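The next block holds one structure in the form of structure tokens; read it before the comments.
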Amino acid sequence: MIVFQRSVQLSTEGETDIVNITETIQQIVRESGVRTGLASISGKGSTLGITTVEYESGILADLRRALDQLAPPNQFYAHNARWGDENGSAHLRSALMGTSRSYPVTEALLRLGTWQQIVLCDFDDRPRNREITVTVMGTAE
Amino acid sequence: MIVFQRSVQLSTEGETDIVNITETIQQIVRESGVRTGLASISGKGSTLGITTVEYESGILADLRRALDQLAPPNQFYAHNARWGDENGSAHLRSALMGTSRSYPVTEALLRLGTWQQIVLCDFDDRPRNREITVTVMGTAE
Amino acid sequence: MIVFQRSVQLSTEGETDIVNITETIQQIVRESGVRTGLASISGKGSTLGITTVEYESGILADLRRALDQLAPPNQFYAHNARWGDENGSAHLRSALMGTSRSYPVTEALLRLGTWQQIVLCDFDDRPRNREITVTVMGTAE
């Protein structure tokens with residue numbers, strides 16, 4: 544039984560920057576020596592999200608527009624009013640999407656579809672340095 | 544410590560077909576020999592979702608209607624415009640709901656509410672064959 | 544390798560009561576003896592959600608308002624019409640947010656941001672007693 548954990552730092556642009564982190568996670572899975580098990584991905588913070596998408600520019604534009612409707616950047620937020628922040632909509636998007644996900648590992652590979660990539664969505668209103676932690680658990684067989 | 548992984552194939556109807564997969568997963572949990580631990584469920588692809596609902600026709604209709612509002616099938620999608628596809632809304636629903644979830648296993652049973660079933664939601668615009676991978680980790684005690 | 548599972552009971556107010564459960568979960572992680580691994584949190588039922596937020600009153604008000612728009616309490620629900628219930632919107636919120644999440648454990652601590660708390664959202668229309676199960680897996684190193 545292997546338990547392997549690694550954190551990586553990523554620079555993001557903010558404003559719902561959607562970053563493909565699949566290869567980064569696959570590399571950590573490779574290092575872990577796990578052949579069968581689970582890779583758990585978690586982003587630190589309350590203005591980001593982790594999910595999967597087909598990573599092509601059409602989907603990314605569609606997802607940004609849908610999130611702009613679900614949690615518009617320029618409406619009243621009690622959070623902004625209270626703290627002088629501008630990222631109330633980022634907090635909402637993060638709470639709804641969630642900041643962590645787990646995917647299976649089979650024969651040392653993330654078991655995803657060909658058109659399914661793991662992404663970090665940075666909803667914050669400015670560039671950030673983000674920490675992603677990957678926990679890989681399973682067997683070497 | 545047990546790590547047990549099994550994939551199953553499922554036929555779906557598309558158009559937000561919502562399939563109750565609880566018994567299928569419970570069966571895999573049983574086979575695994577795990578009595579205390581975690582069952583992780585993951586669907587392959589970027590136009591499906593995994594979640595739990597009370598599996599009764601009222602809820603299913605309500606969920607479909609809510610998703611039709613959140614990501615309407617018949618509006619402009621950059622994905623559709625770019626690729627000639629018709630499933631832009633399916634991609635959005637999948638990114639927002641997510642394609643994987645984990646639930647506890649206690650005394651060899653999925654620890655869910657009586658009116659809480661695990662479902663595969665197929666958002667795609669046509670029937671599909673779907674692969675679901677279940678990873679069960681834990682102890683035989 | 545440690546597999547540790549504990550369930551706790553919580554009283555909630557309903558109507559999207561958002562309860563900070565971070566310290567409760569941290570306590571269970573401490574008890575587990577796991578220093579490196581994963582903590583998986585799951586709520587039993589189909590009218591609740593588990594996610595993370597910055598736990599301050601502005602965000603909580605913003606999240607409640609966003610959910611009121613996403614799944615308004617006082618519109619037609621087939622679930623309500625069929626069963627004489629009043630909690631159709633609670634079911635929708637739960638299916639969309641999900642009832643389970645996993646977060647990393649590093650040096651015996653939940654690896655979360657300073658302004659990132661784990662919350663139980665009780666969407667039901669009345670006070671409830673809720674059961675949360677925490678499964679901690681990992682190593683003592």
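Protein chains in written order, with my numbering: chain A, 544 to 684; chain B, 544 to 684; chain C, 544 to 684. Glycine included, C-beta positions come from ideal geometry on N, C-alpha and C. Only a predicted model underlies this, so the values are computations on that prediction, with no experimental measurement involved.
Contacts of residue i in chain A (Cβ-Cβ under 8 Å)
i, result
"residue 573 (chain B)", "Within 8 Å Cβ-Cβ: nothing; residue 573 (chain B) doesn't reach chain A, min ~19 Å."
"residue 601 (chain C)", "620, 621, 622, 623, 624, 625, 626 and 631"
"residue 676 (chain B)", "647, 649 and 654"
Residues near residue i in its chain [Cβ-Cβ closer than 7 Å; skip 5 each side]
i, result
"residue 644 (chain A)", "584, 593 and 594"
"residue 668 (chain C)", "557, 558, 629, 630 and 633"
"residue 599 (chain C)", "none"
"residue 514 (chain B)", "This structure cannot settle anything about residue 514 (chain B), because the visible part of chain B is limited to 544 through 684."
"residue 635 (chain A)", "614"
"residue 590 (chain A)", "630, 633, 634, 637, 666 and 667"
"residue 610 (chain C)", "559 and 636"
One or two residues paired with residue i in a DSSP bridge
i, result
"residue 547 (chain B)", "B:679"
"residue 575 (chain A)", "In DSSP, residue 575 (chain A) forms no bridge with anything."
"residue 583 (chain B)", "B:645 and B:678"
"residue 673 (chain A)", "A:553"
"residue 531 (chain A)", "In this structure chain A extends from 544 to 684, so residue 531 (chain A) is not present and cannot be described."
"residue 563 (chain A)", "A:662"
"residue 653 (chain B)", "B:648"
Beta-carbon neighbours of residue i, restricted to chain C and to distances below 8 Å
i, result
"residue 559 (chain A)", "Within chain C, no residue comes near residue 559 (chain A); the closest Cβ sits about 16 Å away, beyond 8 Å."
Contact set between residue i and chain B, taken where Cβ atoms lie within less than 7 Å
i, result
"residue 597 (chain A)", "589 and 634"
"residue 609 (chain A)", "614 and 635"
"residue 555 (chain A)", "Simply none; closest approach about 17 Å."
CB-CB length for residue i against residue j, believed under 8 Å
i, j, result
"residue 579 (chain B)", "residue 684 (chain B)", "6 Å"
"residue 552 (chain A)", "residue 649 (chain C)", "Going by Cβ atoms, the distance from residue 552 (chain A) to residue 649 (chain C) rounds to 15 Å, so no, they are not a contact pair."
"residue 566 (chain B)", "residue 659 (chain B)", "Incorrect: roughly 13 Å between the Cβ atoms, too far for contact."
Contact set for residue i: own chain, Cβ-Cβ below 6 Å, skip 5 residues either direction
i, result
"residue 618 (chain A)", "none"
"residue 616 (chain B)", "632"
"residue 670 (chain C)", "556 and 557"
"residue 576 (chain C)", "545 and 683"
"residue 676 (chain B)", "550 and 585"
"residue 564 (chain C)", "661 and 663"
Neighbour list for residue i in chain B, Cβ cutoff strictly below 8 Å
i, result
"residue 583 (chain C)", "581, 645 and 647"
"residue 567 (chain C)", "The contacting residues do not exist; residue 567 (chain C) stays about 16 Å from chain B at best."
Under 9 Å by beta carbon: chain A residues contacting residue i
i, result
"residue 689 (chain B)", "Residue 689 (chain B) is absent from the model: chain B starts at 544 and stops at 684."
Contact set between residue i and chain A, taken where Cβ atoms lie within less than 7 Å
i, result
"residue 548 (chain B)", "579, 647 and 649"
"residue 606 (chain C)", "635 and 638"
"residue 681 (chain C)", "546"
Sequence-distant residues of the same chain with beta carbon closer than 8 Å to residue i, five excluded per side
i, result
"residue 607 (chain B)", "559 and 561"
"residue 640 (chain A)", "592, 593, 594 and 664"
Residue i beta carbon near the ligand PLP (any heavy atom closer than 7 Å)
i, result
"residue 592 (chain A)", "As for the ligand PLP, it is missing from this structure, which has no ligand bound."
Residue i: contacting residues in chain C (beta-carbon distance under 9 Å)
i, result
"residue 641 (chain A)", "593, 594, 595, 640, 641 and 644"
When Cβ atoms are compared, which residues of the stretch 647-661 of chain C fall closer than 7 Å to chain A?
Only those residues of the stretch 647-661 of chain C whose C-beta falls short of 7 Å from the nearest C-beta of chain A are listed: 647, 649, 654, 655, 656, 658 and 659.
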